[in-house]
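Chemist: Residue numbers for the sequence shown follow the working numbering, so the first one is 230 and each next one is one higher. Every residue, glycine too, gets a C-beta built ideally from N, C-alpha and C.
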Amino acid sequence: MNRNDITEKIITVKVAKSITWESVAKKVGLSKEWVTAGCLGQMTFDDKQAKIVGKIFGLTAEEQKWLQVVPYKGSLPTPVPTDPLIYRWYEIVSVYGTTIKELIHEEFGDGIMSAIDFSMDIVRQPDPKGDRVNVVLSGKFLPYKQY
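In structure tokens form, the structure reads like this:
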């Protein structure tokens, strides 16, 4: 058994029982974005959170322990994503990455945007031409240290 097996079980139960990520997040008490990432194997749940997720998805005590193991993050199965939606993000970074970098450096100086001290919000934005996906990424700016 490994973390990927637990993720597959969670997805299988989610589909079979028509569970939404938002409903899981409400029970855990955290954002739907973070809890979804955790259920998909990209975040670490604490004991209390793992028990809640375990109850929702019918996980054994051993399977709940896997939810508490620090994962290998960013572990997509291929270097270039093949899923169309994930590929769009790859494309966005390929096309706009240098622009984002330049504008962050112009505004903040030499450094990076944290993906650790980070939050994300995904909402539907109604639009007469077709609903839009509104994604807000908020990461702490971390300047490079001079030494």
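Only counting the same chain, and skipping five residues up and downstream in sequence, which positions put a Cβ closer than 6 Å to that of D346?
Modeler: Hits under 6 Å: K369.
Chemist: Could you spell out where the beta strand (DSSP E) holding I341 opens and where it closes?
Modeler: First-last of the beta strand (DSSP E) with I341: 340-354.
Chemist: Inspect the CB distances between the segment 266-281 and the segment 292-305 and report whether three or more fall short of 8 Å.
Modeler: Touching, per the Cβ criterion.
Chemist: If you draw a straight line from the C-alpha of E237 to the C-alpha of S343, how long is it?
Modeler: One C-alpha to the other measures close to 29 Å.
Chemist: Taking the alpha-carbon positions, what's the I248 to Q375 distance?
Modeler: So the two alpha carbons sit approximately 49 Å from each other.
Chemist: If we count the other Cβ atoms within 10 Å of its Cβ and call it buried at 16 or more, is E291 buried or exposed?
Modeler: E291 comes out exposed.
Chemist: What separation, rounded to the nearest whole angstrom, lies between the Cα atoms of L288 and D312?
Modeler: So the alpha carbons of these two residues sit roughly 28 Å apart.
Chemist: May I ask which residues mark the beginning and end of the alpha helix (DSSP H) holding F286?
Modeler: Start and end: 276-286.
Chemist: Given this structure, state the Cα-to-Cα distance separating G283 from M349, to the nearest angstrom.
Modeler: Each residue's alpha carbon lies about 24 Å from the other.
Chemist: Just verifying my parser: in three-state terms, what is the DSSP assignment at P357?
Modeler: In this structure, P357 counts as coil in the three-state DSSP scheme.
Chemist: Taking the alpha helix (DSSP H) that L305 belongs to, which residues open and close that run?
Modeler: Segment: none, L305 is in no alpha helix (DSSP H) and carries neither H nor E.
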